[in-house]
Amino acid sequence: MKTMAFLGGLVRGLVVVLVCATASPARAEADPPPYSFAVRPLGTLPGLSNFDATAINDLGHVIGNATDAGGRLHTFLYDGARMVDIAPLSALNATVSGINNAGQIVGSAGNQAVMYSAGRISYLGTGTVGSGAAAINDAGQATGWAQWSGTSRQAVIFDSGSVRAVTWSDSWWSSEGVDINEHGDVAGAFNQRGSNEKRPTLFYADGSLGQPYLDNAFWSQRHMATGINDAGQMVGWFETHNGDGAYLFENGVTHALNPLRFGRRAYDINNHTQIVGEGGIWESDGILYDIADLMPADSPWRVTEWDLINDRGQVVASACLGDACQLVLLNPVPEPQVIAMLGAGLALLGLAATRHRRLPAA
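Residue numbers for the sequence shown, in mature numbering (1 follows the signal peptide of the UniProt record, and there is no 0): -28 to -1, 1 to 334.
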């Protein structure tokens, strides 16, 4: 493994450009999808509109933001059965952006990072002049940004009342965290102060850095990291002179996801390496499925957007019945775990049969 000094840290891996291996179109068309989606509407709240989902946990609980007729922000939680207004946060005109499996919710109120848990609000950015939280893991570690006097915004981890920068602080460079995995690795970005040129960065828990890279001739001023899983696989998107592109960054290598099949942007990744993006869902075996192909043929729903996925393969989307559109939860039938268990069971049966055939005759 080659390492190099960068901004006071270490950049992991010899980063090269690869085109992510994909199945041939013939295979993708010949193989039926391994599951289909059942649609569950998330509902609405009286007097609110512009519902925007921002995170989902593995229980299928969804959070997001909406506005009332006066333009005031409200936060909502779909708890698996109904949508409710998170009144204490809405009273602060807050926004929410992350939820873990314990139901802890993080976001921002004014210019401060906040956590909402068990009906109580905690301010996370103690000692800073400004902060915001973007995501939270099951250990209760949140990531986002914080700013101290005399510094630019820095990517941080909020943990047990402390605020820790994940890289060195400087008045010239700024950074932010957008997602965090269970190991404390943070997906985020660096950019030079006064510049819109963000460089997606993986801030490893050990203090080293990983940066996706495509030839500078193809990069423009906008490229983002959007999600990370527990294996340290990070996804995001970048702009080129020919349009946007999606990438998967793993083990120091940047894989450009085929834009002709995947679409222009990748939004989220789960621990089964399922990636959701503008083109649909990219499975770990390299096959891309269009969302429309995963809907039952007789479904009256028309899915228009999708950008969040959990480890159960549930996808948060916008869908329409005629001209009426709302947020929905797409539930895979069967779930990925069931598919994996069936595959493992069949493999064991095959192994047992092989062993039986190899037994010597009596």
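Ideal Cβ placement from N, Cα and C applies to all residues, glycine included.
- Per DSSP, the beta bridge partners of residue 209 are 196 and 218.
- Closest option to residue 288, judged by alpha-carbon separation, among 120, 134, 42 and 12: 12.
- With respect to residue 237, residue 216 sits close: the two C-beta atoms are nearer than 7 angstroms.
- Two segments are said to touch when three or more pairs of C-beta atoms, one from each, lie closer than 8 angstroms; by this definition the segment 24 to 40 touches the segment 276 to 294.
- Closest option to residue 209, judged by alpha-carbon separation, among 171, 125, 169 and 196: 196.
- The secondary-structure analysis by DSSP pairs residue 301 across a beta bridge with 12 and 288.
- The three-state secondary structure of residue 53, taken from DSSP, is coil.
- Counting of Cβ neighbours within 10 angstroms places residue 4 among the exposed residues, the total staying below 16.
- Selection 93, 110, 161 and 100 evaluated against residue 134 yields 100 as nearest (Cα-Cα).
- In the structure shown, residue 105 falls within a strand segment according to DSSP collapsed to helix, strand and coil.
- Distance from the CA of residue 240 to the CA of residue 150, rounded to the nearest whole angstrom, comes to 11 angstroms.
- The alpha-carbon of residue 305 is positioned some 5 angstroms away from that of residue 7.
- Annotation: residue 201 to residue 71 spans about 15 angstroms, alpha carbon to alpha carbon.
- For residue 132, there is no enclosing alpha helix (DSSP H), as DSSP marks it with neither H nor E.
- Beta-bridge partners assigned by DSSP to residue 126: 118.
- A buried status is given to residue 97, since no fewer than 16 other beta-carbon atoms sit within 10 Å of its beta-carbon.
- Burial check for residue 163: the Cβ neighbour count within 10 Å reaches 16 or more, so the residue is buried.
- Between the alpha carbons of residue 229 and residue 120 lies a distance of about 38 angstroms.
- A Cβ-Cβ contact shorter than 7 angstroms links residue 78 with residue 105.
- Here residue 81 is not near residue 63, since their CB atoms are 7 angstroms or more apart.
- In chain order, 184 and 206 place their CB closer than 6 angstroms to the CB of residue 221, counting only its own chain and leaving out the 5 sequence neighbours on each side.
- 73 is the residue among 73, 84 and 103 whose C-alpha sits nearest the C-alpha of residue 90.
- Under the DSSP assignment, residue 17 falls outside any beta strand (DSSP E); it carries neither an H nor an E label.
- The C-alpha of residue 43 lies about 19 angstroms from the C-alpha of residue 69.
- The C-beta separation of residue 127 from residue 156 comes to about 12 angstroms, leaving the pair out of contact by the 8 angstroms criterion.
- Taking all protein chains shown into account, residue 276 has fewer than 16 neighbouring C-beta atoms within 10 Å of its C-beta and is therefore exposed.
- Inter-residue distance for residue 124 and residue 182 is about 21 angstroms (C-alpha atoms, whole angstroms).
- By the Cβ-count criterion, residue 255 is buried, with 16 or more other Cβ atoms from all chains shown falling within 10 Å of its own Cβ.
- In the DSSP assignment, residue 85 falls outside any alpha helix (DSSP H) and lies within the beta strand (DSSP E) extending over 84 to 89.
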